[in-house]
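Report on the structure given below.
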Amino acid sequence: MKTDELITMLVDSPRPPSRAAVASRLGLGFAISLAAALLLLMLLPGAAAGLMTRVTMPAFWAKLALPLTMTPAAVCVTSRLSQPGVRVGRAWVALALPVGMVCLAALLVLAVAAPEVRGELILGHTWRTCSLNIVLLSMPALGALLWAMRGLAPTRPQLAGAATGLLAGAIGASAYCLRCPEMNVPFWAAWYLLGMAAPALLGSLLGPRMMHW
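full-length UniProt numbering applies: residue 1 is where the sequence shown begins, and numbers increase by one.
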């Protein structure tokens with residue numbers, strides 16, 4: 001290979017995205033995701049019923065804290081996985097911490113509860129639809145965020161896809177909190193985490209197909 005050809009190949013070869021490019025593309029994907037989730041929430045029957053009453057309850061804000069604290073951690077993990085050679089590091093801990101805390105709180109609630117009410121604490125009144133609704137609200141976000149990641153440079157597409165799906169799930173769960181009437185921690189630990197895990201699994205399957213570059 002001649003020197004001129006080598007120089008041309010190096011100049012024309014793909015380059016890692018800049019931080020500004022990552023922030024811009026993921027920021028746009030996040031904005032589209034949140035808007036789509038809230039719009040889709042409005043189309044669900046009974047979306048606004050009892051909302052004003054729920055927001056006055058401390059348990060509502062504790063429930064909302066689960067996906068809201070997972071969202072920035074998932075953004076951090078996703079953005080780092082979108083760039084080659086960038087370590088995720090402690091961002092994994094920040095992502096796992098809210099999950100561990102809600103699971104621990106659920107176990108404590110179940111431990112002190114009477115045996116006959118433990119099933120009700122886990123199942124609540126909407127266990128059949130809760131996770132499904134979170135997944136439904138997450139699907140537009142998953143599509144928008146996978147599109148955003150596709151334009152970047154993830155070198156571990158399966159892991160990046162899982163992180164992208166988890167971020168989509170956290171956005172969907174945050175939106176669903178506005179509608180969900182359940183206020184028991186064991187319910188959130190079971191069905192909210194299941195609803196967020198499903199898009200993460202789907203993202204891990206789609207990542208290798210959609211993020212190759």
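Ideal Cβ placement from N, Cα and C applies to all residues, glycine included.
Limits of the alpha helix (DSSP H) - the one that Met52 falls within | Your numbering for residue 52 matches position 52 in the sequence shown. Met52 -> alpha helix (DSSP H) spans 51 to 54.
Name the residue from Ala113, Ala74, Pro199 whose alpha carbon lies nearest to the alpha carbon of Asn184.
-> Looking up residue 184 in the sequence shown gives position 184. With distances taken between Cα atoms, Asn184 lies closest to Ala113.
Buried or exposed for Glu182, please, with buried defined as at least 16 other CB atoms from any protein chain shown within 10 angstroms of its CB.
-> In the sequence shown, counting from the first residue as 1, residue 182 sits at position 182. It counts as buried.
Can Met37 and Gly172 be called in contact, C-beta distance under 7 Å?
-> Numbered from its first residue, the sequence shown carries residue 37 at position 37. Numbered from its first residue, the sequence shown carries residue 172 at position 172. Per the sequence shown, the amino acid found at residue 37 is Ala instead of Met. It is a contact, given that the beta carbons lie within the stated cut-off.
Indicate whether the contact test is met: 3 or more Cβ pairs, each with one atom in the segment 28 to 35 and one in the segment 140 to 152, closer than 8 Å.
-> yes
Option in Pro199, Trp61, Pro186, His125 with minimal Cα separation from Ala105 = Mapped onto the sequence shown, residue 105 falls at position 105. It is Pro186 whose Cα lies nearest to the Cα of Ala105.
Per DSSP, what kind of secondary structure is Ser131 in: helix, strand or coil?
-> Taking the first residue of the sequence shown as position 1, residue 131 is located at position 131. It is helical.
Could I get the ranges of all uninterrupted alpha helix (DSSP H) runs contained in the segment 125 to 206, with 4 residues as the minimum, in chain order?
-> 127 to 150, 157 to 177
Output the distance between the C-alpha atoms of Gly203 and Met211, rounded to the nearest integer angstrom.
-> As a first step, residue 203 must be located in the sequence shown, where it is residue number 203. As a first step, residue 211 must be located in the sequence shown, where it is residue number 211. Each residue's Cα considered, the two are about 11 Å apart.
If I'm right that Leu145 touches Leu81 with Cβ under 8 Å, what's the distance once you round it to whole angstroms?
-> Here the question's residue 145 lines up with position 145 in the sequence shown. Here the question's residue 81 lines up with position 81 in the sequence shown. Contact between Leu145 and Leu81 fails: their C-beta atoms lie close to 12 Å from each other, not under 8 Å.
Residue of Leu194, Gly50, Leu26 minimising C-alpha distance to Ile134 | Reading the sequence shown from its first residue, position 134 is the one you call residue 134. Closest option to Ile134, Cα to Cα, is Leu194.
Best match in Val117, Gln83, Ala91, Leu51 for proximity to Ala23 [C-alpha to C-alpha] | Locating residue 23 in the sequence shown gives position 23, where the first residue counts as 1. The shortest Cα separation from Ala23 among Val117, Gln83, Ala91, Leu51 belongs to Gln83.
Element boundaries [alpha helix (DSSP H), containing Val86] = The count along the sequence shown starts at 1 and reaches residue 86 at position 86. Looking at the DSSP string, Val86 is not in any alpha helix (DSSP H), and its letter there is neither H nor E.
Of all the options Thr155, Trp147, Pro67, Trp127, which has the alpha carbon lying nearest to the alpha carbon of Trp191?
-> Along the sequence shown, one-based indexing puts residue 191 at 191. For the residues Thr155, Trp147, Pro67, Trp127, the minimum Cα distance to Trp191 belongs to Trp127.
Taking Pro45 as part of the alpha helix (DSSP H), name the residues at either end of that continuous run.
-> The residue labelled residue 45 in the question sits at position 45 within the sequence shown. Pro45 -> no alpha helix (DSSP H), and no H or E assigned at all.
Which of helix, strand or coil does DSSP assign to Ala106?
-> Walking along the sequence shown from the start, residue 106 turns up at place 106. Ala106: helix per DSSP, three-state reduction.
So, are the CB atoms of Leu201 and Ala74 less than 7 Å apart?
-> Here residue 201 is taken as the residue at index 201 of the sequence shown, counted from 1. Here residue 74 is taken as the residue at index 74 of the sequence shown, counted from 1. Not in contact: Leu201 and Ala74 (Cβ atoms no closer than 7 Å).
For the alpha helix (DSSP H) that contains Met70, what are its first and last residues?
-> Sequence index remark: in the sequence shown, residue 70 carries index 70 (1-based). From DSSP, the alpha helix (DSSP H) with Met70 extends over 58 to 81.
Could you check what DSSP says for Ala114 in three-state terms: helix, strand or coil?
-> Within the sequence shown, numbered from 1, the residue matching residue 114 stands at position 114. In this structure, Ala114 counts as coil in the three-state DSSP scheme.
Should Ala163 and Arg25 be called a contact, given that it needs their Cβ atoms to be closer than 7 Å?
-> For the purposes of this step, residue 163 is taken as the residue at position 163 of the sequence shown. For the purposes of this step, residue 25 is taken as the residue at position 25 of the sequence shown. Taking 7 Å as the Cβ cut-off, Ala163 and Arg25 do not qualify as a contacting pair.
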